[in-house]
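In our numbering, the protein residues as written are 355 to 762. These notes concern the structure reproduced below.
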């Protein structure tokens, strides 16, 4: 059923290095897919250009448009993980003027550059979403020098020349301002499929399936196991959470992105083998079961431009413990949907104790978490706001709901 969209209907080209069904790539895939499908439901025409998933994960036809939930999706070759573009795109960009807006997500990959340059050259409005890319510019680690160099050689200018830059949260927009970015910027959060978590499996049955005792508290982490997630700090914090540690279990669910062995060794050295479980990549059914079984969810990352995992947990009515460097933290504090802490073991330990030692307060936080998602992150609300932002770009207006900075 088509929903009514405010303002003019548009032809939108979304360019993203990863798209469904390659959900293993994380939040950018899920949130972009939800947004595109909902924009179509509201009457807009949406085309996605993306790269083909690596062989063995998902098979998608190359170069031929296919329908995914009403969205026209074209898959290009995945050269070097999207860091090089498929020459077939050079043919596609010849008709770039049929789109009203070209929206590019993330900018380290060269994949979207031909379309971005063609759009600017032909006078088509362009929007860029950094989607966490700015983290590497601020990263002072030696291995990040290539990203810093690439940013100042090309990406900063590309952002300055865009019709507008989209951010999912204030924290990332503040990072951009600190880098001297002066182009028009707007803020629209990621969209969540909140309805996916409205009818969870039975809690008792879920716990039994996961071999969790009735009197155990369940602390959940759901996401990729990589260094940015600061899981070593979370585990250390859990080890210090005295009163609740011995009657709790920490579940780490997600694919290993290079730190799994180190984390397992840390768990062994802290004597937490019986309390910390590594579940690996989980499917949608298992994710729902985990949400049903859990008491709270964590995302204490070094940096998150938004924090989809925390948003999905709140959709399921779970209170969350997040770091102050997560974009979603600003709304969690506003709604009282959990606790926001620095990425520091003792702060994590203290908040785990506070939250799990007061079941009534924990339940109230969970209720507030659902309210937050309903108010700000539903697919319909986010798509309407994003469409309005596109219309602002085309008309020169600046709507309040899109939270503009730098009128342009």
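Idealized CB from N, CA, C, for every residue including glycine.
Query: As assigned by DSSP and simplified to three states, the class of residue 554; Result: coil
Query: Start-to-end residues for the alpha helix (DSSP H) that takes in residue 547; Result: Unbroken run through residue 547: none, as it is neither H nor E.
Query: Touching by the beta-carbon criterion (3+ pairs, under 8 Å), the segment 366-386 and the segment 642-657; Result: no
Query: Segment contact, 8 Å Cβ cut-off, at least three pairs: the segment 587-599 with the segment 552-570; Result: no
Query: Nearest candidate by alpha-carbon position, reference residue 580, set 471, 639, 608 and 600; Result: 608
Query: Alpha-carbon spacing of residue 753 relative to residue 520, whole angstroms; Result: 14 Å
Query: Cβ separation of residue 541 and residue 527, assumed to be a contact under 8 Å, to the nearest whole Å; Result: 6 Å
Query: C-alpha distance - residue 517 paired with residue 722, whole-angstrom precision; Result: 36 Å
Query: Ranges of the beta strand (DSSP E) found wholly within the segment 638-689, counting only runs of at least 3; Result: 650-653 and 674-677
Query: Helix, strand or coil at residue 742 according to DSSP, with G and I counted as helix; Result: helix
Query: Cβ shell of residue 390 (< 7 Å), same chain only, five flanking positions each side left out; Result: 368, 400, 402 and 425
Query: Best match in 712, 605 and 677 for proximity to residue 697 [C-alpha to C-alpha]; Result: 677
Query: Within 8 Å, strictly: CB atoms of residue 543 and residue 383; Result: no
Query: Residues that DSSP places opposite residue 426 in a beta bridge; Result: 401 and 421
Query: Bounding residues of the beta strand (DSSP E) (the contiguous stretch that carries residue 692); Result: 692-695
Query: Residue 662 beta carbon less than 8 Å from that of residue 381; Result: yes
Query: Per DSSP, cross-strand counterpart(s) of residue 480; Result: 456
Query: For residue 720, the three-state DSSP class (helix, strand or coil); Result: helix
Query: DSSP beta-bridge partners of residue 541; Result: 521
Query: Where residue 706 falls: helix, strand or coil (DSSP); Result: helix
Query: Burial state of residue 621 (16 or more Cβ within 10 Å); Result: buried
Query: From 626, 396, 485 and 549, residue whose alpha carbon lies closest to that of residue 671; Result: 549
Query: Endpoints, beta strand (DSSP E) assigned at residue 630; Result: 630-634
Query: Within the segment 562-633, ranges of the beta strand (DSSP E) (whole runs, at least 3 residues); Result: 571-576 and 602-607
Query: Separation of residue 480 from residue 474, as counted between CA atoms; Result: 7 Å
Query: Segment limits, beta strand (DSSP E) that includes residue 367; Result: 365-369
Query: Of the residues 443, 464, 469 and 446, the one placed nearest residue 455, counting alpha carbons only; Result: 469
Query: Selected residue, minimal CA-CA separation from residue 574, among 547, 643, 374 and 442; Result: 643
Query: Cβ-based neighbour list, residue 385, same chain, cut-off 7 Å, excluding 5 preceding and 5 following; Result: 544, 545 and 662
Query: Residues bridged to residue 759 (per DSSP); Result: 539
Query: Residue 502 versus residue 465: straight-line alpha-carbon distance, rounded; Result: 19 Å
Query: Where residue 646 falls, given that 16 or more other Cβ within 10 Å makes a residue buried; Result: buried
Query: Anticipated Cβ contact below 8 Å, residue 524 with residue 658, distance rounded; Result: At roughly 13 Å, the Cβ-Cβ gap does not stay under 8 Å, so residue 524 and residue 658 are not in contact.
Query: Span separating the alpha-carbon of residue 718 from that of residue 361; Result: 38 Å
Query: Classification of residue 536 by the beta-carbon crowding that lies within 10 angstroms, buried from 16 upward; Result: exposed
Query: Euclidean distance between Cα positions of residue 640 and residue 582; Result: 24 Å
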